[in-house]
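Notes follow the structure.
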């Protein structure tokens, strides 16, 4: 059951559940799509997380109760339109970039070849974007790659650094502090500031697959 | 053109923010004190959301290469034009070659400078607002630095205005009462913690910035250790991490957060909060959604004239 709650005086939170699951993710995305298509007067912005949608509204144009009533009557088509987009992201796992490979090999009791194979095999689902612009939260990491966060987070992760921690894997979209174990680096921009129109490599609901490239290929692909 | 002679502690180009990209993880940013932004623009006859310079703690030193009109609002930082004090909250004519400088911070924390016509800089994702963390917006995604050249647009029609006295915030108290609404995870906090939250004083920690204000004071405990799933963040959300010290998330906050949200600051009080500085004290007071929206409604009604005259 969906739950509606006032979220400050300018937003409303819709909660669909309290777990990370593909089912809930789809529900959230279907709801968001219906909401965007409906274009409710007074709704300024909607954004999704694992199991919630935050709706920012202008209460001078629509009251909280009127908004809830419109949401309750929202017709949500529960259909997937077209095949999900699979974004293939090259990753160089060369020792120059895989700062924490030794630590990961120790924790997972795997060889480097096995780590790379397990990281590049799954097709990951983009649950949501957040943390920094363009940063995506992926689901689908192989259990065998589960390892802890770094005890001392790094103050500066480079843009493009590929990391794993817990059940998560992802790419740092801008230089920022971070606590994930770094196993490689991608030459492509996850958040391309030079692209005024669409700086984002992926959007929620897309799929991501990593593939291995050599040091030479990395150099070639670098802008 | 404006030449930056001195950047100040942190001077940033800000407008009303980058609305519409939170689904892609892009924070809203924008002026911390949106009232001061609107007043400054009204004073020089700009559209109300035009980008201005937000100066925190200390002011910048700027040389004008063009004759224009400016207005300074927000914090009292002893603004001077060619060494002579100028008034806040009114339009000031600036001759070519003049130097605007600021002195000691007397009151508030953030001063705003609007220039007639606005700035001629790139718009990124519908906004000129600077977001330092990802180096986007503003001048190359950075705060103003000595030697920067800031292009300004020419404005044909000039106005001379003075902000009515009752719109100036008046003396900012160092103990601010901040009205809040109960948050999404309010129920996760113990009865005792909720009491503490509303009855004790908190101090704004030195490690506070445009992303958020960290509070120090009584430790606020959650009653359950239930794992919370990361969820959307809106400006003014007060989250409580494991150490029990609340953080008020502001303009540059991340779009997703994973700590229990005890409360949300009423929109009308955010500009006041933006003028509080580290070391200042605040106290939270609970109000309802209806009360909070009524406060905003009355404020917008009072400010109606700004919108009418600003196009």
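Chains as they are written, first to last, in the numbering used here: chain A, 8 to 230; chain B, 12 to 322. Ideal Cβ positions, reconstructed from N, Cα and C, are used throughout, including at glycine. Just so you know, these numbers come straight off a predicted model, no measurement behind them.
| Query | Result |
| --- | --- |
| With a cut-off of 8 Å on the beta carbons, I'd call residue 258 of chain B and residue 249 of chain B a contact; round off their distance for me. | 7 Å |
| Tell me where the beta strand (DSSP E) around residue 125 of chain A begins and ends. | Taken as a continuous stretch (DSSP letters only), residue 125 of chain A belongs to no beta strand (DSSP E), being part of the alpha helix (DSSP H) at 119-127. |
| Using DSSP's beta-bridge definition, name the partner residues of residue 64 of chain A. | A:50 |
| Do residue 311 of chain B and residue 67 of chain A have their C-beta atoms closer together than 8 Å? | yes |
| Going by C-alpha distance, which of B:137, B:253 and B:289 is nearest residue 200 of chain B? | B:253 |
| Along the chain, where does the alpha helix (DSSP H) containing residue 281 of chain B start, and where does it finish? | 281-285 |
| Give me the DSSP bridge partner(s) of residue 275 of chain B. | B:192 and B:248 |
| Taking 8 Å as the CB-CB limit, is residue 234 of chain B close to chain A? | no |
| Would you kindly check if the distance between the Cβ of residue 215 of chain B and the Cβ of residue 226 of chain B is under 8 Å? | yes |
| I need the boundaries of the beta strand (DSSP E) containing residue 176 of chain A, first residue and last residue. | 175-178 |
| So within the segment 112-167 of chain B, which uninterrupted beta strand (DSSP E) runs reach at least 3 residues, ignoring any that extend past its ends? | 118-126 |
| Using three-state DSSP, classify residue 203 of chain B as helix, strand or coil. | helix |
| What is the rounded straight-line gap between the Cα of residue 135 of chain A and the Cα of residue 135 of chain B? | 22 Å |
| Measuring CB to CB, does residue 183 of chain A end up less than 8 Å from residue 139 of chain A? | yes |
| With DSSP run on the structure shown, which of helix, strand or coil describes residue 310 of chain B? | helix |
| Could you please give the first and the last residue of the uninterrupted alpha helix (DSSP H) stretch that includes residue 228 of chain A? | 222-228 |
| For a contact meaning CB atoms closer than 8 Å, what does residue 45 of chain A contact in chain B? | Simply none; closest approach about 16 Å. |
| So, does the CB of residue 232 of chain A fall closer than 8 Å to a CB anywhere in chain B? | Outside the modelled stretch of chain A, which goes from 8 to 230, sits residue 232 of chain A, for which no answer is possible. |
| How would you label residue 8 of chain A, buried or exposed, when you count the other beta carbons within 10 angstroms and need 16 or more for buried? | exposed |
| Which residue comes first and which comes last in the alpha helix (DSSP H) that contains residue 112 of chain A? | 108-115 |
| Counting beta carbon pairs with one atom in the segment 165-173 of chain A and one in the segment 204-213 of chain A, are three or more of them shorter than 8 Å? | no |
| Verify whether the separation of the beta carbon atoms of residue 273 of chain B and residue 200 of chain A is less than 8 Å. | no |
| Sorted by chain position, which residues of the same chain lie with C-beta nearer than 7 Å to residue 150 of chain A's C-beta, five sequence neighbours on each side aside? | none |
| If you follow the alpha helix (DSSP H) that residue 57 of chain A is part of, which residue opens it and which one closes it? | Looking at the DSSP string, residue 57 of chain A is not in any alpha helix (DSSP H), and its letter there is neither H nor E. |
| Cutting at 8 Å between CB atoms, please list the residues of its own chain near residue 29 of chain A, excluding the five before and the five after it. | 132 and 146 |
| Assuming contact is defined by CB atoms lying nearer than 8 Å, are residue 2 of chain A and residue 188 of chain A in contact in what I supplied? | Since the first residue shown for chain A is 8 and the last is 230, residue 2 of chain A is missing from the structure and cannot be characterised. |
| Compile a chain-ordered list of the residues in the segment 61-81 of chain A whose CB is closer than 7 Å to at least one CB of chain B. | 61, 63, 66, 67 and 71 |
| My understanding is that residue 314 of chain B touches residue 172 of chain B, with C-beta atoms under 8 Å, so please give their C-beta distance in whole angstroms. | The Cβ separation is near 14 Å, so there is no contact. |
| If the cut is a Cβ gap below 9 Å, which residues of chain A does residue 275 of chain B touch? | 13, 14, 15, 16, 17 and 18 |
| Note down the Cα distance separating residue 107 of chain B from residue 93 of chain B, rounded to an integer number of angstroms. | 11 Å |
| Would the segment 72-91 of chain B and the segment 42-60 of chain B be scored as touching if the rule is three or more Cβ pairs under 8 Å? | yes |
| Exposed or buried, residue 115 of chain A, counting other C-beta atoms within 10 Å across all chains shown (16 or more means buried)? | buried |
| Under 8 Å by Cβ, that's how I've got residue 19 of chain A and residue 71 of chain A pegged, so tell me the actual separation to the nearest angstrom. | 7 Å |
| Between which two residues does the alpha helix (DSSP H) harbouring residue 73 of chain A extend? | 71-79 |
| Considering Cα atoms alone, identify which of A:229, A:192 and A:203 is closest to residue 98 of chain A. | A:192 |
| Should residue 200 of chain A be flagged as near chain B, meaning a C-beta pair shorter than 8 Å? | yes |
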